[in-house]
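Take any residue in the sequence shown, note its place counting from 1, add 544, and you have its number in this note's numbering.
Report on one structure; see the data block that follows.
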Amino acid sequence: MKRELPVYNIEGTDFVVDVASLQLCEKANPENVIPLFDMRDVGDGYVFDYSPKEKNIPALFSDDTDVRTVKIPDLVQLDPVGMAEKYGCSVHEVQGKTDFALMVNQQALGRRLMGQLPTVDIAGHTFYVDITMDMLRPKDDFASKGIVFRQIDHYYDDDKEAYVIPYNPKKHEFQELDYENITSIPKDLIVISFPHEIVLDPVGFNRKGGWDETDGLKLKNIKSHFEAKIIDWKETGIEQTIKENIKKQQQSKQADESRKTGQRQRRGPKL
């Protein structure tokens with residue numbers, strides 16, 4: 545039997561507490577939602593501006609003058625059963641905890657705050673996520689250029705929410721391709737995929753941006769180690785690029801041969 549979700553009343557309107565989606569949904573109008581991450585985290589709950597007229601956070605250019613500041617408790621208080629189910633623990637374990645303590649990996653956070661950099665395994669080699677140096681820095685390979693984030697920003701795939709880049713496993717580094725002239729799949733390169741640096745090291749990313757080092761961790765969480773995925777070249781669309789380049793080169797070659805033939809005909813036979 546499906547569990548009936550708890551309800552929380554805000555200024556006379558009932559909202560269903562949906563911890564699965566981390567949002568409040570108006571009971572009478574489920575399409576009207578207030579996401580948790582549109583609220584301001586104050587440690588022991590969430591604060592946001594609320595318009596009784598719109599029954600939501602007021603729109604950016606709203607002319608509503610009746611806007612009130614609302615504070616709601618942590619989700620562990622609003623729905624301890626749902627939070628226990630979502631994060632794989634018992635209701636007893638949830639008791640006395642804050643949302644932050646439950647939703648964020650405290651062991652990984654502790655290691656990071658003590659100075660331990662997250663790591664990424666790429667085709668069997670360990671890389672450090674070094675936000676200060678703006679790169680994935682290969683362990684025990686000082687000759688490698690590594691993977692510099694600013695050099696691969698155009699390889700970020702919004703649909704996959706990850707970087708998808710060509711990688712040289714022998715040199716342990718990113719290697720750019722000449723997409724205008726490539727005519728075969730590189731035999732010495734593979735394609736790898738890994739998350740954005742804000743996921744790889746949210747603490748380091750926050751520090752570099754000047755934000756609180758734990759900002760947004762409830763949304764992103766934190767891990768100490770990742771493993772890059774190896775992607776088949778066929779999934780990258782490179783084969784179509786190769787076909788087009790081969791066709792372009794053949795057409796260019798034929799044009800050159802036609803031009804040379806025309807030049808010989810204009811000169812006439814030699815005496």
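Note that the Cβ used here is the ideal one computed from N, Cα and C, for glycine as well.
Computed from a prediction, not measured in an experiment: that's the story for all the values here.
Within this structure, are the beta carbons of residue i and residue j separated by less than 8 Å?
i: Leu566; j: Phe559; result: no
i: His716; j: Pro682; result: yes
i: Pro710; j: Leu744; result: no
i: Val664; j: Phe770; result: yes
i: Ile774; j: Ile736; result: yes
i: Tyr594; j: Arg612; result: yes
i: Phe671; j: Ile696; result: no
i: Asn576; j: Asn600; result: yes
i: Glu555; j: Pro602; result: no
i: Tyr723; j: Thr780; result: no
i: Glu598; j: Asp607; result: no
i: Asp618; j: Pro550; result: no
i: Lys752; j: Ile691; result: no
i: Gln793; j: Thr727; result: yes
When burial is assigned at 16 or more other CB atoms within 10 Å of the CB, is residue i buried or exposed?
i: Met679; result: buried
i: Glu548; result: exposed
i: Asp643; result: buried
i: Gln816; result: Residue 816 lies beyond the residue range present for the chain, which begins at 545 and ends at 815; the question has no answer from this structure.
i: Asp684; result: exposed
i: Asn573; result: exposed
i: Lys714; result: exposed
i: Leu604; result: exposed
i: Asn750; result: buried
i: Val635; result: exposed
i: Lys546; result: exposed
i: Val586; result: exposed
i: Val673; result: buried
i: Leu815; result: Confidence at Leu815 is low in this model, with a pLDDT of 40, below 50, so its placement is unreliable and the value that follows should be read with caution. When all chains shown are included, Leu815 counts as exposed.
i: Pro662; result: buried
i: Gly668; result: exposed
i: Val625; result: exposed
i: Trp693; result: The sequence as given places Phe at residue 693; Trp does not occur at that position. With 16 or more other Cβ atoms within 10 Å, it is buried.
i: Gly754; result: exposed
i: Tyr707; result: buried
i: Asp588; result: exposed
i: Gly659; result: exposed
i: Asp610; result: exposed
i: Ala772; result: buried
i: Ile790; result: exposed
i: Met627; result: buried
i: Gly632; result: exposed
i: Met583; result: buried
Taking residue i and residue j to be in contact with their CB atoms under 8 Å, please state how far apart those CB atoms are, rounded to whole angstroms.
i: Leu657; j: Val747; result: 7 Å
i: Ile742; j: Lys764; result: 7 Å
i: Val614; j: Phe592; result: 6 Å
i: Ile766; j: Ala652; result: 5 Å
Have a look at the DSSP bridge pairing and note the partners of residue i.
i: Lys561; result: It should be noted that the sequence gives Val, not Lys, for residue 561. Beta-bridge pairing links Val561 to Leu568.
i: Glu771; result: Asp665
i: Ala539; result: There is simply no residue 539 to check, as the chain begins at 545 and stops at 815 in what is shown.
i: Ile726; result: In DSSP, Ile726 forms no bridge with anything.
i: Val648; result: Its beta-bridge partners do not exist; DSSP assigns none.
i: Thr670; result: Asp665
i: Phe693; result: For Phe693, which the question treats as bridged, DSSP gives no partner whatsoever.
i: Leu680; result: Val673 and Ile691
i: Glu717; result: Asn712
i: Val638; result: In the DSSP output, where bridge partners are listed per residue, Val638 has none listed.
i: Ile790; result: DSSP, once it has assigned bridges, lists no residue as partnering Ile790.
- Item | beta strand (DSSP E) segments (min. 3 residues) lying fully within the stretch 563-632 | 567-570, 577-579, 589-594 and 612-617
Next on the checklist: Give the list of continuous beta strand (DSSP E) stretches no shorter than 3 residues that lie fully inside the stretch 732-783.
Outcome noted: 734-738, 769-771 and 773-775
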